[in-house]
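*Asks:* Residues 17 to 1119 in our numbering are what the sequence shown spells out, letter by letter.
All C-beta atoms, glycine included, are put in the ideal place defined by N, C-alpha and C.
Keep in mind it's a predicted model, so treat the numbers as computed, not measured.
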Amino acid sequence: MSSMSKLQAYWEKHLSGELPLLEFPTNLPRSTKKYNCASHKFVINNKLTALLKELANNQSVSIDNALLAAFKVLLYRYTTEKEIIVGLLLTKLISNVVVSKDLISETTSFKTFLSQVSHTVSEISKYQDYPFASLIKQLQSKSNSSHLSICQALFTYQLELEYQKPPQDNIEFDLCLEVIDTYESLLCNFKYNSNLLDKVTVAQFSEHFQNLVESIVSNPEQAVAQLSLLSERQRDEILVEWNATENDYEFTTLHQLIEAQVERTPDAVAVSFASKELTYRTLNCCANQLAHYLQTLGVKPGVLVGICVERSLEMVVGLLAILKAGAAYLPLDPGYPQERLELILSDSQAPVLLTDNIKLFCDDNQRKTICLQTHQEHIATHSQENLAPCATVENLAYVIYTSGSTGKPKGVEIPHRGVVNFLKSMQHEPGITATDVLLAVTTVSFDIAALELYLPLITGAKVVLASREIASDGRRLLELINSSGATIMQATPASWRMLLATGWNGFERLKILCGGEGLTSELAQHLLDKGESVWNLYGPTETTIWSTVCKVEANKLSHALIPIGRPIANTQIYILDEHLQPVPIGVSGELYIGGAGVARGYLNRPDLTSERFIDNPLLPGSRFYKTGDLARYLHDGNIEYINRIDNQVKIRGFRIELGEIENALSAHPEVREAVVITRSEELTEKQIVAYITTNCEPTPGKLRDFLRQKLPDYMIPVAFVILEALPLTPSGKVNRRTLPKPTASSFSQHDEFIAPRNDTEQRLAKVWSEILNIQPIGIKDNFFEIGGSSLSAIFLIAAIGQQFGRELPISTLLTNPTIEEFAVLLNTTDTFDNSLLIPIQPKGNKAPFFCVHPAGGHVMSYLKLAQHLSNDQPFYGLQAQGFNGEEPLTRVEDMASVYIEAIQKFQPNGPYYIGGWSFGGVVAYEMAQQLHKMGHEVSLLAIVDSYIPILLDKNKKIDAPYLVGALSRYFGGMLGQDNLVNSNEMKHLDAEEQIDYILDKAVEAKILPPSNQSQQNRRIVDVLVGTLKATYSYVKQPYPGKVTVFRAKEKHIMAPDPTLVWVEFFSIMDAEDITIIDVPGNHYTCVLEPNVQVLAEHLKSSF
17 MSSMSKLQAY
27 WEKHLSGELP
37 LLEFPTNLPR
47 STKKYNCASH
57 KFVINNKLTA
67 LLKELANNQS
77 VSIDNALLAA
87 FKVLLYRYTT
97 EKEIIVGLLL
107 TKLISNVVVS
117 KDLISETTSF
127 KTFLSQVSHT
137 VSEISKYQDY
147 PFASLIKQLQ
157 SKSNSSHLSI
167 CQALFTYQLE
177 LEYQKPPQDN
187 IEFDLCLEVI
197 DTYESLLCNF
207 KYNSNLLDKV
217 TVAQFSEHFQ
227 NLVESIVSNP
237 EQAVAQLSLL
247 SERQRDEILV
257 EWNATENDYE
267 FTTLHQLIEA
277 QVERTPDAVA
287 VSFASKELTY
297 RTLNCCANQL
307 AHYLQTLGVK
317 PGVLVGICVE
327 RSLEMVVGLL
337 AILKAGAAYL
347 PLDPGYPQER
357 LELILSDSQA
367 PVLLTDNIKL
377 FCDDNQRKTI
387 CLQTHQEHIA
397 THSQENLAPC
407 ATVENLAYVI
417 YTSGSTGKPK
427 GVEIPHRGVV
437 NFLKSMQHEP
447 GITATDVLLA
457 VTTVSFDIAA
467 LELYLPLITG
477 AKVVLASREI
487 ASDGRRLLEL
497 INSSGATIMQ
507 ATPASWRMLL
517 ATGWNGFERL
527 KILCGGEGLT
537 SELAQHLLDK
547 GESVWNLYGP
557 TETTIWSTVC
567 KVEANKLSHA
577 LIPIGRPIAN
587 TQIYILDEHL
597 QPVPIGVSGE
607 LYIGGAGVAR
617 GYLNRPDLTS
627 ERFIDNPLLP
637 GSRFYKTGDL
647 ARYLHDGNIE
657 YINRIDNQVK
667 IRGFRIELGE
677 IENALSAHPE
687 VREAVVITRS
697 EELTEKQIVA
707 YITTNCEPTP
717 GKLRDFLRQK
727 LPDYMIPVAF
737 VILEALPLTP
747 SGKVNRRTLP
757 KPTASSFSQH
767 DEFIAPRNDT
777 EQRLAKVWSE
787 ILNIQPIGIK
797 DNFFEIGGSS
807 LSAIFLIAAI
817 GQQFGRELPI
827 STLLTNPTIE
837 EFAVLLNTTD
847 TFDNSLLIPI
857 QPKGNKAPFF
867 CVHPAGGHVM
877 SYLKLAQHLS
887 NDQPFYGLQA
897 QGFNGEEPLT
907 RVEDMASVYI
917 EAIQKFQPNG
927 PYYIGGWSFG
937 GVVAYEMAQQ
947 LHKMGHEVSL
957 LAIVDSYIPI
967 LLDKNKKIDA
977 PYLVGALSRY
987 FGGMLGQDNL
997 VNSNEMKHLD
1007 AEEQIDYILD
1017 KAVEAKILPP
1027 SNQSQQNRRI
1037 VDVLVGTLKA
1047 TYSYVKQPYP
1057 GKVTVFRAKE
1067 KHIMAPDPTL
1077 VWVEFFSIMD
1087 AEDITIIDVP
1097 GNHYTCVLEP
1107 NVQVLAEHLK
1117 SSF
């Protein structure tokens, strides 16, 4: 072996495995194309330098190794990455970068870690002659393309007398620490990529590095995780100043606060619903009568009373009455399945239940069930006077059940003190006055309803209750906002998007409260134009509704998500590492919440209570709640929410507890251990993969069948990987990062594996493996059963075409989904029909259904719909022109004419069954129009969540700036977000560069194929431009036939309410017959699992 080969072999071994990434705290988007160097200089003073040199001398290591070890600890503390890779510049005969990799254990003392680093440097210096450029090229496949090198940090050390400028060799690092030793002090310089890190953050790096060195020299025996980064001033700022929320409220019970307001404004309207209303006096009297009656049933402090009443005046009376009787209420949503209602009642052991629908509940001898209607006469005989106070602020006000990772809901116990503190804080900020009208839209089983009901009632304001039906219908909710004169409304981002989608123009006096999920900058910008002010709110149920509040400012929308703000009154927020130590500003950590709002715990769950409600070491004598949320402090003291720490993931819009899948798998008699993760390969969507150890190997098919009895389809793993043992970390935990990639057999629905047998099959298998990133693949494996998606299918056909030098229509994969079948096709067929008519599911004797493509032009999005319609329902997609080198069509009328010609070659005469989703519905409408004029019968025109833009400017120019926004919204919608990129990311680019940037981001997000398919990507853009032009130029005509509109229940900001727009259109055009059917999901998810199953069932009944 040559000398260079030996060097190469060493570095391959030293840097084996997956290379870790150092994710620095940054507010700036990472770009692979931009690098600008900036620097920040600082000095480690004489005293500290002398102490560090003394430590190094005592440990028999060099000062540069001591500095390197300290630098690595800094990187570990900032990134939480335990395997730290740093480049070193060794200035000897040959100046070259070598790579130092060290594993940091949180319990290791700095002294021990220093010895480890010194040993590593000594070892790698023997192999420094291997060119760093060659090393980069050699390991590039392991490096993330959004990072500038195989390591993101560099360290250099030189003596002042020997100083020479370090050679750059065009190598760029995110962060570089240069140290010049003057013998008395250390001159330090942080060089950094200013396109990634800002100067404030790097200045903080320098301060924390010096604090770290001080902590090291004061006690080198400390564990690296316990070394101090923060100065006393910084700790005081984070822990004390930003938590200085003390407010000396006079605490009383919630109902006593309302009673006091009754005395002040007895004749004012307290609450209204539909055409009815109650004054404060009447509300109080009715609640008193019911409370007196409840006390005759034994209701008193410490008793839990269930309430399951539809949104109404009676619901408010019932809630207030339970509180007045001294009890706590247990809200139950009448819309819940009966099984869940009974589960909650059984778990809570509530002895009394108030309801307006006795049929929802089973007979229970242990529970007194009171039907408000049938008992009303008796209730009305009781006193209208206030009851003698019997509850204290420490008694429970309510218990609300939330979902749990085990599948069993848990009850959160909230005392009066927490509710009253919350309401009084909300009175101040966001603020409310007696002249306000608050529109309440939230189900009472969601804790934020307490703000809507009680904040007005302790202030003298008016509550307007929206019914369940109105609250979920954007058009009707818009009407109620306008007619009620609402000045305050609280809702989730999804509800605000629903309103915007209806064309809501806003109300200048409306205070907009938003919470429950992340508020994007794009949505915030829309809302700022619609009301007086916008407020972002955050808080888990366990700390009483909202714990932080942030007023959204128009000039502070630089973050993708709006910050969640600062703590409310008498509340403390802590962002801590796993050792309950505060993390630096900008560094992510787990969010803990302390103060008056912390719940008592979980009802009848002492184990879970002790796990999540823990003693606060930073404020002895108090407790705080461990949220499981990842967050960080911004430099102005505001808090930014990042995501969940635990095993909760979101796939296709569905929040999934992976632990629930693991528990279900573990119940299988042949499964010993189970771990479930999500994987997302290059061209596949995020997928659930299960890893199991077994007593004997059950097939993936058997495991799927077992789980289908316990879980919904969207929670079934796509692959099952059977292992002899689960990989473990040194601490004994499952090492999820080292779990192997699934093979094709992990996805397979059958047991047989047959390897490729000839050249064609081998070449096809190679392409399939590259696209799906799995191997080996057998010739009988179905592409769509082993991880293939509608998106990867498009890329596979393109790759096969390139491999074999042939133009292939997408239909070839649909009709030949295995390697065996596809190889036969390639070997026996010379030319392929590039028809726009794609046989997605051609089998069956029924009349075929023809479905027009959405705006993107492809029809693969209909795969699941065709699958769920039935095996005997032929389903054909109409694909856009433009993917095979032709010019894309730019008029709806032309598209309809071309598509009719295509279907009539297959079916010359009617009756025809046609439809389309999104833009496809617009074209299908025009097809029906033309077919009718031609004298053909159209038995079904199915419009799936489409809209016709009646109010759009027909002369709209589809230029580059407009296309930038349209592309960002189009690709963002595929990921369940408003936009793919934030406009602030691109403000320094011109329009054409912005389009390229969006396409690059779409590739990174796995929406588009890799850059080697750039021609295909440009075709996709050209087709999209064609559909946009067609949308604006379409001139609608009356259609006298029947139309069925399928409307997505959940609104999306890119999809205006189709019911509203279609009804308006057909009222203009005097349509003969319109049927509107609601289907689950939003504009994008209504055609995905599991929502598409409901859509398919409705569509079946329409044939």
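With distances taken between CB atoms, is the gap from Y618 to K426 smaller than 8 Å?
*Replies:* Their beta carbons are under 8 Å apart, which means Y618 touches K426 by this criterion.
*Asks:* Might you give, ordered along the chain, the residues of its own chain that have their beta carbon closer than 6 Å to the beta carbon of V89, omitting 5 neighbours on each side?
*Replies:* Around V89: V240.
*Asks:* Check whether the stretch 433-441 and the stretch 317-328 touch, using three or more Cβ-Cβ pairs below 8 Å as the test.
*Replies:* Flag = no, the stretch 433-441 and the stretch 317-328 do not touch.
*Asks:* So, with DSSP's three-state summary, where would you put P633?
*Replies:* Looking at P633 - three-state DSSP - the assignment turns out to be coil, as it is neither helix nor strand.
*Asks:* I'd like to know if the stretch 1007-1024 and the stretch 879-894 are in contact, where contact means that at least 3 CB-CB pairs between them fall below 8 Å.
*Replies:* Too few Cβ pairs lie closer than 8 Å, so no.
*Asks:* Can you give the Cα-Cα distance for H869 and W933, rounded to whole angstroms?
*Replies:* So the alpha carbons of these two residues sit roughly 7 Å apart.
*Asks:* Excluding five sequence neighbours on each side, which residues of the same chain lie with their C-beta closer than 7 Å to the C-beta of V285?
*Replies:* Closer than 7 Å at Cβ, skipping near neighbours: E293, T295, K478.
*Asks:* Roughly how many angstroms lie between the CA atoms of N654 and A647, to the nearest whole one?
*Replies:* Computed Cα separation, rounded: 11 Å.
*Asks:* Around the Cβ of S1117, are there at least 16 other Cβ atoms within 10 angstroms (buried) or fewer (exposed)?
*Replies:* S1117 comes out exposed.
*Asks:* Given this structure, state the Cα-to-Cα distance separating L255 from L310, to the nearest angstrom.
*Replies:* Approximately 46 Å between the Cα atoms of the pair.
*Asks:* Let me know if K207 comes out buried or exposed under the rule of 16 or more other beta-carbons within 10 Å of its beta-carbon.
*Replies:* Buried, by the Cβ-count rule.
*Asks:* Using 8 Å for Cβ pairs, my map puts I1139 next to T1101. What's the rounded Cβ distance?
*Replies:* Lying before the first or after the last residue shown, residue 1139 is absent from the chain, which here runs from 17 to 1119.
*Asks:* May I ask you to verify whether the stretch 605-617 touches the stretch 556-576, counting CB pairs closer than 8 Å and requiring at least 3?
*Replies:* Enough Cβ pairs lie closer than 8 Å, so yes.
*Asks:* Using C-beta distances below 7 Å, list every residue in its chain close to I810, excluding the 5 sequence neighbours before and after it, in chain order.
*Replies:* Hits under 7 Å: I826, H874, M876.
*Asks:* Given Q923, which residues of its chain have a CB within under 7 Å of its CB, disregarding the five upstream and five downstream residues?
*Replies:* For Q923, where only same-chain residues beyond five positions count, the Cβ hits under 7 Å are P864.
*Asks:* Closer than 6 Å by C-beta to S574: which residues in its own chain qualify, once you throw out the five before and the five after it? Chain order, please.
*Replies:* Taken in chain order, the residues that qualify are N1000.
*Asks:* Can you name, in chain order, every residue of its own chain whose Cβ lies under 7 Å from the Cβ of H398, other than the five neighbours on each side?
*Replies:* Q305, H308, Y309.
*Asks:* Rounding to the nearest angstrom, what Cα-Cα distance links P12 and K340 in this structure?
*Replies:* Residue coverage of the chain in this structure runs from 17 to 1119, which leaves residue 12 outside it and unanswerable.
*Asks:* Which term fits R513, buried or exposed, when burial requires 16 or more other beta carbons within 10 angstroms of its beta carbon?
*Replies:* Classification for R513: buried.
*Asks:* Measure from the alpha carbon of L592 to the alpha carbon of each residue in A540, R251, T458, then state which is nearest.
*Replies:* That would be R251, whose Cα lies nearest to the Cα of L592.
*Asks:* Do the CB positions of P977 and A1007 come within less than 8 Å of each other?
*Replies:* A contact, by the Cβ cut-off of 8 Å.
*Asks:* Among V333, G926, G334, T298, which has the Cα closest to the Cα of K862?
*Replies:* When only C-alpha atoms are compared, the closest one is G926.
*Asks:* Skipping 5 residues on each side, what residues in its chain have a beta carbon closer than 7 Å to that of R278?
*Replies:* Note that residue 278 is Val in the sequence shown, not Arg. So the qualifying residues of the chain are Y296, R297, N300.
*Asks:* Distance, Cα to Cα, L109 vs A72?
*Replies:* Caution applies to L109, whose pLDDT of 38 falls short of 50 and renders its modelled position unreliable; the model cannot decide the point.
*Asks:* In terms of DSSP beta bridges, what is G322 paired with?
*Replies:* G322 is bridged to L346, L369.
*Asks:* Rank Q883, L842, R383, E836 by C-alpha distance to the C-alpha of P858 and give the top, closest one.
*Replies:* Here the closest residue by C-alpha is Q883.
*Asks:* Would the beta-carbon of V568 fall within 8 Å of that of I578?
*Replies:* It is a contact, given that the beta carbons lie within the stated cut-off.
*Asks:* Thinking C-beta only, is E330 closer than 8 Å to L388?
*Replies:* Contact: yes.
*Asks:* Would you mind stating whether E413 and L634 have Cβ atoms separated by less than 8 Å?
*Replies:* Residue identity check: residue 413 is Ala in the sequence provided, not Glu. The answer is no: Cβ separation not under 8 Å.
*Asks:* Under the three-state reduction of DSSP, which class applies to K22: helix, strand or coil?
*Replies:* Three-state result, K22: helix.
*Asks:* Under the three-state reduction of DSSP, which class applies to T536: helix, strand or coil?
*Replies:* It is a strand residue.
*Asks:* In the DSSP assignment, the alpha helix (DSSP H) including K69 goes from what residue to what residue?
*Replies:* Where K69 is concerned, the enclosing alpha helix (DSSP H) stretches over 62-74.
*Asks:* Could you have a look at S210 and say whether DSSP puts it in helix, strand or coil?
*Replies:* Three-state result, S210: coil.
*Asks:* In the DSSP assignment, the beta strand (DSSP E) including R695 goes from what residue to what residue?
*Replies:* Element bounds for R695: 687-695.
*Asks:* Please state whether the Cβ-Cβ distance between Q1053 and Q945 is less than 8 Å.
*Replies:* Yes, Cβ-Cβ distance for Q1053 and Q945 is below 8 Å.
*Asks:* Against chain B, does T557 count as a neighbour if the rule is that its beta carbon must be under 8 Å from one of theirs?
*Replies:* The structure shown contains no chain B; it holds only a single protein chain.
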